[in-house]
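Here the structure is laid out as structure tokens; the discussion comes afterwards.
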């Protein structure tokens, strides 16, 4: 998984269809991001990626569109993690300021209204912060998705589970707890896991969904949900959650003394901020999916991004900043998928020493994935 299809190239293509024949030497791009509110952790990371992409482009004379270079004027404002505000602010940029291109906010619930605005006004919207298939099944022609779908995340995690089972590290019949946020993203994740385990007779015999339960976002406690997990006697814990919900849930998971051979919160778990808030031992062993990771930044584009980010921000980027900067992996944008990127997730696993390793696919693994060895009575969630 390496950065090969830069967001700048996609934006240039979108601008070619959006710029008037007699454009000035500047182009205007508008974005909203959740810089405050429940999604602010990820929103701030996306902002850094956006800023870096256009700073580098302007330093080289701007974006090249149709044989001419244009300096970029990026106008980004805080939508406060509010879906209504995310749509209205973006529409104001279109109607009042006549911007040439739109960049999305972060999370499906914020981006849904924005894609409708883009379609209504025929202004291209590059979606870097949402991946639910529902966004790309409405027949829209002005929304372009950079993230691989939630379906690919679920499939990658289940392939990892299957790999561990075939290696004899999991029982012949794996019992799974499946928790999902009650959003389009969470329902996509649920449906994709269920599709995977039901696809063949062999998988039907190998896996049992012992618990299948949704939950509302932004709760202060998930104790009741985790009590159900504890009573479920499961081997694998799979959850799809936003970062704030993951942190709350994992703290309670730890306080209940739960332990499972494999535990994952979807795309959450490897973030440095999560380790800082929960503690490195509190996230050790968790498996998470990522659109990109510096562990496999081997391409020239990936190294350019990585080095520039380190110089500008004095740290390594995570997937959020990378997707804000450009799409991760070898992507395509087929019309049959509603112009949503098609790519593969990298699975990361937190190590006992606080580091993070790439464990799947094997072609990009930096070390072999492991399953937890839970104390007697805890492997099935019993404490």
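Residue numbers (our numbering): 1144 to 1526. By construction, the Cβ of each residue, glycine as well, lies at the ideal position given by its N, Cα and C atoms.
Any contact between the region 1351–1368 and the region 1320–1333? By contact I mean 3 or more CB pairs, one from each, below 8 Å. yes
Please tell me whether residue 1381 and residue 1431 are closer than 8 Å, where the distance is taken between their beta carbons. no
Could you pull the start and end residues of the alpha helix (DSSP H) that residue 1256 belongs to? Run containing residue 1256: 1251–1264, per the alpha helix (DSSP H) assignment.
Ignore the nearest five residues each way along the sequence and tell me which others in residue 1230's own chain have a CB closer than 6 Å to its CB. Exclusion of the five residues before and after residue 1230 leaves 1256, 1257, 1260 as the residues of its chain whose Cβ lies within less than 6 Å of its Cβ.
Could you tell me which whole alpha helix (DSSP H) segments of length 4 or greater appear in the region 1320–1386? 1327–1341, 1344–1349, 1366–1374
Could you tell me if residue 1173 is buried or exposed, where buried requires 16 or more neighbouring beta carbons within 10 angstroms of its beta carbon? buried
Rounded C-beta distance between residue 1451 and residue 1199? I'm assuming under 8 Å. 6 Å
Kindly list the residues whose CB is nearer than 7 Å to the CB of residue 1308, restricted to its own chain and excluding five residues on each side of it in sequence; keep chain order. The residues are 1317, 1349.
I need the boundaries of the alpha helix (DSSP H) containing residue 1190, first residue and last residue. Per DSSP, residue 1190 belongs to the alpha helix (DSSP H) from 1183–1202.
Excluding five sequence neighbours on each side, which residues of the same chain lie with their C-beta closer than 6 Å to the C-beta of residue 1276? 1292, 1331
Beta carbon of residue 1258: closer than 7 Å to some heavy atom of the ligand ADP? With respect to small molecules bound, the structure shown includes none, and the ligand ADP cannot be examined in it.
Using 10 angstroms around the beta-carbon of residue 1343, count the other beta-carbons present and answer buried if the total reaches 16, otherwise exposed. Per the 10 Å Cβ criterion, exposed.
Since residue 1168 contacts residue 1214 with CB under 8 Å, what's their CB separation in whole angstroms? For residue 1168 against residue 1214, the beta-carbon gap comes to about 6 Å, under 8 Å, which counts as contact.
Rounded to a whole number of angstroms, what is the C-alpha to C-alpha distance between residue 1395 and residue 1467? 31 Å
Unbroken alpha helix (DSSP H) run spanning residue 1452, endpoints: 1443–1456
Quick check on the burial criterion: 16 or more other C-beta atoms within 10 angstroms. Buried or exposed for residue 1516? An exposed status is given to residue 1516, since fewer than 16 other beta-carbon atoms sit within 10 Å of its beta-carbon.
Coil, strand or helix - residue 1472 by DSSP: Only weak support exists for where residue 1472 lies, its pLDDT of 33 falling under 50; the value from the coordinates is given anyway. Residue 1472 falls in the strand class under three-state DSSP.
Residue 1504 to residue 1337, Cα distance in whole Å? 21 Å
What is the DSSP secondary structure of residue 1242, counted as helix, strand or coil? DSSP places residue 1242 in coil when its eight states are reduced to three.
Across which residues does DSSP place residue 1489 in a beta bridge pair? 1433
Cut-off 6 Å between Cβ atoms - residues of its own chain near residue 1429, not counting five sequence neighbours on either side: Contacts found: 1406, 1412, 1493.
Endpoints, alpha helix (DSSP H) assigned at residue 1418: Per DSSP, the continuous alpha helix (DSSP H) segment holding residue 1418 begins and ends at 1415–1421.
Same chain only: Cβ atoms within 8 Å of residue 1313, ignoring 5 sequence neighbours per side: 1304, 1307, 1378, 1379, 1404, 1405, 1514
In terms of alpha-carbon separation, which member of 1281, 1280, 1248, 1252 lies closest to residue 1268? 1248
Using the rule of at least 16 other Cβ atoms within 10 Å of the residue's Cβ for burial, across every protein chain shown, is residue 1457 buried or exposed? exposed
Status (buried if at least 16 other CB within 10 Å, exposed otherwise) for residue 1386: buried
Residue 1290 by DSSP, collapsed to three states: which one? coil
Where the beta strand (DSSP E) through residue 1095 begins and ends: Summary: the structure shown does not reach residue 1095, with the chain confined to residues 1144 through 1526, and so no result is reported for it.
What does the alpha-carbon distance come out to for the pair residue 1212 and residue 1372? 56 Å
Any Cβ of chain D within less than 8 Å of the Cβ of residue 1418? As a matter of chain content, chain D is missing from the structure shown, which is built from one protein chain.
Go through its chain and collect everything with a Cβ distance to residue 1192's Cβ below 6 Å, but skip five positions before and after it. 1464, 1467, 1468
Are the CB atoms of residue 1176 and residue 1186 nearer to each other than 8 Å? yes
Proximity below 8 Å, CB of residue 1281 to CB of residue 1326: no
Considering only C-alpha positions, which residue in the set 1400, 1461, 1368 is nearest to residue 1518? 1400
Exposure label - residue 1414; buried when at least 16 CB within 10 Å: buried
To which residues of the same chain is residue 1285 closer than 7 Å at the C-beta, ignoring the five residues directly before and after it? 1261, 1262, 1265, 1266, 1267, 1268
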